[in-house]
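Notes follow once the structure below has been shown.
2 protein chains.
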Amino acid sequence: MDIEVTTIEKLDPAALARELLPQHVADNVVTLNQLDNDVAAAVLAQVPAERAVEILDQPELDFAPEIVSLLPRDQASRLLAAMSADRAADIFRWLDEPERSELLGRLDAETRAAIERLLVYPPNTAGSIMTTEFVSVPSTWTVAQTLEHIRHVERTRETVYAIYVLDPATRRLVQVVPLRRLISAESDASILSACRPHAPITVSPLTDREDVGRLFRKYDLLAVPVVDNVGHVLGIVTVDDAIDAMLAESNEDVQKFGGMEAIGEPYMQISFGEMIRKRAGWLCALFLSEMLTASAMQHFESELEKAIVLTLFIPLIMSSGGNSGSQATSLLIRSLALQEIKLSDWWRVALRELPTGIMLGAILGLIGILRITLWQNLGFFDYGPHWELVALTVGAALVGIVTFGSLAGSMLPFILQRLGFDPASASAPFVATLVDVTGLVIYFSVALAILSGTLL
Amino acid sequence: MDIEVTTIEKLDPAALARELLPQHVADNVVTLNQLDNDVAAAVLAQVPAERAVEILDQPELDFAPEIVSLLPRDQASRLLAAMSADRAADIFRWLDEPERSELLGRLDAETRAAIERLLVYPPNTAGSIMTTEFVSVPSTWTVAQTLEHIRHVERTRETVYAIYVLDPATRRLVQVVPLRRLISAESDASILSACRPHAPITVSPLTDREDVGRLFRKYDLLAVPVVDNVGHVLGIVTVDDAIDAMLAESNEDVQKFGGMEAIGEPYMQISFGEMIRKRAGWLCALFLSEMLTASAMQHFESELEKAIVLTLFIPLIMSSGGNSGSQATSLLIRSLALQEIKLSDWWRVALRELPTGIMLGAILGLIGILRITLWQNLGFFDYGPHWELVALTVGAALVGIVTFGSLAGSMLPFILQRLGFDPASASAPFVATLVDVTGLVIYFSVALAILSGTLL
């Protein structure tokens, strides 16, 4: 498939453009994403304008700004004017000068104003993902009038499944009518007769896209109006954009949980420098914190010299603490993100994690004791004359460290949220680092208590 | 708010039921979730049937099966019959006997058959999240006939925004018409005139819900028909259920990435035994693998005895390998899940991770060397007469280990996917364990190369 496409485009962009037509527009995007930008632009230039607009309207088109800047200026501006305003604004956001100003200047005043209004909202807000192409009617209209209006504007609106009813005098939002109710309502009744009994659900242009996603999920919405503080509808966020926002957020959560800054772009599209920047920051911060383990070890150096056998289990014991912490953190991050658990529930969680940690630690501790006993008695390794005490030290330390790991891992997201940070910043490496230093101290303290007088 | 609710419900469920009415049904669910199950059932029994059905239809209602089993049998069966079939099936899936058979027996034959059909599909498939309440019309109908039909059935269908056009003879799916196109089409034209030019997008009842979510995202769907292998429509999956499925999947990804089995329920609702089971399995597997670190250390015991100073940096160096691996894994898991990257791209990724790992390792290595130099010269700690060589060992080992961590962390999701596992099983603790053992070997090999003849 890749090869075929490569051959065809080298021969004739027009032929490839014709091949795109019978396919679904989403599949056209997949094909164009595989081409070089200049070839993709050449193909797009040959596609009928209506389809070209549909293609550019797909957020999945990877290099839309680059492709638009490679098109002839007049064609590019015609396509941008016909696109949905939110996607056009997205493209302008990434266009370089002088293309940006030139293309913006070629738009008609109304379209330019709509796009410029969208460009002022910060990324990741409702304002930045809303579209201004929605259906609104005055509350004095009848059902039949509204349906007639929808018939005329259907092609130019991103959705017609929600109709926004405005006060004719103030133009403030009065109600939202779903199209399905409108269809089954009486023709000559007032549009208000098809409304739901409760107040419409709205967001402000600065609402975080994560909260917008939560509203869609809670209320099973197909669109939500974005209103300013006097109640004027600035635009709407549709469910497809809300899904993209939700998935982008959960992506960021996974990346943060992996211990790095969130990367907003696909893996293959970030530059080397950007990749290093996004990863080196956290890696260095973790490295500097983890240096405390070296300090802790230096503190216990005389014990280490006396009982080198203790060092053998350091990686094993520390990693168990980190692993149990990482489990607890991943559980709690999502519960907090989905609001299954509130900040004030922290003590309930702590009361669950305490016995869980003790139990998990006891299981690992028993396995550890078993391993040392087996290796000693089967002659695989000699842990010295006090091997039973060494085994006991490892077992007891595991109970302590896994319990501490579970508690620390579960409380960290609460603490971060309480301090106003994103709980998803409580990454697995962050928790592991936190638990490593304390884990070493627990291990050597247990060792001192059990082995002092014999090995130490 | 919590306190107020508790007081009211103790006084009078009927009063609380009246308070629910002016609110949005999603907010009713929030209120009911805060009550004990028996109180919630008492309140629900007082709510008008139409609203009670809407409440039970919300997947966010936490204890729906428990609440239904606490209602009077005849009321429960009336509500279940009026609910959407997919949600009713969900409730039946979790009902205990004898309630389950009793309530199923009280349903009319048609509803019972619809629910039993849904119950046969395994969880997490399109069949298990589809609804059978959709609009279908024969392809011989006109636009006006179809609209008239929708007007009559609107109240009993989960969505009317997609109309499924069937062959009148075979009843196979011919096309899908969006309601918006129907509204703007000519009244007396054939329904087929409002169709899109390409074949309808469909799924099979056994399609994984993750793949269903991907289709919604790619094609910006509001609903997708579930068809059997001869093309009969069995049901449809609507976008609200697809969103729930997508978020459940990304939740599971985070939990797996945290190093545990995915938990399908909210944190507070899983039993202690279940919690231990879901967490102990992976924890024990990781513990057993991590035991290789003890074996590796035992192998290098004589070196350790000669140069105890090397042990001081073991946790620091190992954790850096794990952290860089965890970053790479989190990046790649999501890229694979969103299909930004294909399996065959593994070598491209390896070619990016190699220089990235070397660069990140070099940064950490420099910090490590700096730290040892500073501590030595400021008199904080004495790393011995060969401290420069120790610093060099730590620095060089970090380059090797971080590079190995980045490569291993990025390749692991590919290997798992190639072997037919979920790439999301490549958890942060899994990668850390993998890197720990190799990291120790790299560290001691570098030490042998640099320090042999002096310390070793």
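Chains A and B, in that order, give the protein sequences. Our numbering applies: residue 6 is where the first sequence begins, and numbers increase by one. Our numbering applies: residue 6 is where the second sequence begins, and numbers increase by one. Where a beta carbon is used, it is the ideal one built from N, C-alpha and C, also for glycine. Quick caveat: nothing in here was measured; it's all calculated off a predicted structure.
- Pro390(B) carries a coil assignment under DSSP once its states are collapsed to helix, strand and coil.
- Secondary structure of Ile168(A) (DSSP, three-state): strand.
- Residue nearest to Ala50(A) within the set Ala20(A), Gln39(A), Val446(A), Pro27(A) is Ala20(A) (criterion: CA-CA distance).
- In the DSSP assignment, Ile241(A) falls within the beta strand (DSSP E) that extends over 238-243.
- Phe277(B) reaches chain A at Arg357, Pro360, Thr361, Met364, counting residues in chain order whose Cβ is nearer than 9 Å.
- Look at the beta carbons and you see the stretch 347-360 of chain A touching the stretch 400-417 of chain A: at least three pairs across the two are nearer than 8 Å.
- Under the Cβ criterion of 9 Å, Ile338(A) is counted among the residues facing chain B.
- Taking 9 Å as the CB threshold, Ser198(A) stays off the interface with chain B.
- For Asn328(B), the chain A residues whose C-beta falls within less than 7 Å of its own C-beta are Gly264, Leu288, Leu291, Pro434, listed in chain order.
- In this structure, the alpha-carbon of Ile72(B) lies about 43 Å from that of Ala149(A).
- Ile319(B) belongs to the set of residues whose beta carbon lies under 9 Å from a beta carbon in chain A.
- If you draw a straight line from the Cα of Gly370(A) to the Cα of Ser276(B), it is about 23 Å long.
- For the stretch 436-454 of chain B, the beta-carbon criterion of a distance under 8 Å to any beta-carbon of chain A is satisfied by Ala437, Thr438, Asp441, Leu445.
- Not a single C-beta of chain B is nearer than 9 Å to the C-beta of Val142(A).
- Within chain A, the C-beta atoms nearer than 8 Å to that of Glu310(B) come from Ile313, in chain order.
- Beta-bridge annotation (DSSP): Ser195(B) is paired with Thr147(B).
- Linking Thr438(A) to His304(A) through their CA atoms gives a straight-line distance of about 18 Å.
- At a cut-off of 9 Å between beta-carbon atoms, Val182(A) makes no contact with chain B.
- Taking the beta carbon of Tyr169(B) as reference, no residue of chain A falls within 7 Å; the closest one sits roughly 16 Å away.
- For Pro202(B) and Leu61(A), the gap between their C-alpha atoms comes out near 19 Å.
- Chain-order list of chain B residues neighbouring Pro128(A): empty, with the shortest C-beta distance near 19 Å, by a criterion of under 9 Å.
- Under the 9 Å criterion on CB atoms, Val232(A) is classed as non-interfacial with respect to chain B.
- For Phe385(B), the number of other beta carbons within 10 angstroms of its own is below 16, and it is reported as exposed.
- Partner residues in the beta bridge of Gln180(A), as assigned by DSSP, are Val170(A).
- Nearest Cα to Gln39(A) within the set Val232(A), Ala69(A), Leu26(A): Ala69(A).
- Contact check for Asn328(A) against Trp287(B) passes: the beta carbons are separated by less than 9 Å.
- Under the three-state reduction of DSSP output, Val48(B) falls in the helix class.
- Around the CB of Ala454(B), fewer than 16 other CB atoms lie within 10 Å, so the residue is classed as exposed.
- In this structure, the CA atom of Glu121(B) is about 7 Å from the CA atom of Ala94(B).
- Taking a beta-carbon distance threshold of 9 Å, Met416(A) does not count as an interface residue toward chain B.
- Runs of the alpha helix (DSSP H) lying entirely within the stretch 55-127 of chain B and spanning at least 4 residues, in chain order: 69-75, 78-87, 90-99, 104-111, 114-124.
- Residues of chain B with a Cβ closer than 9 Å to the Cβ of Pro27(A) are, in chain order, Pro202, His203.
- A Cβ-Cβ separation of about 6 Å places Val52(A) in contact with Leu25(A) under the 8 Å criterion.
- For the 9 Å CB-CB criterion, Val231(A) and Leu220(A) do not form a contact.
- For Pro230(B), the enclosing beta strand (DSSP E) has its first and last residue at 228-232.
- For Met273(B), the number of other beta carbons within 10 angstroms of its own is below 16, and it is reported as exposed.
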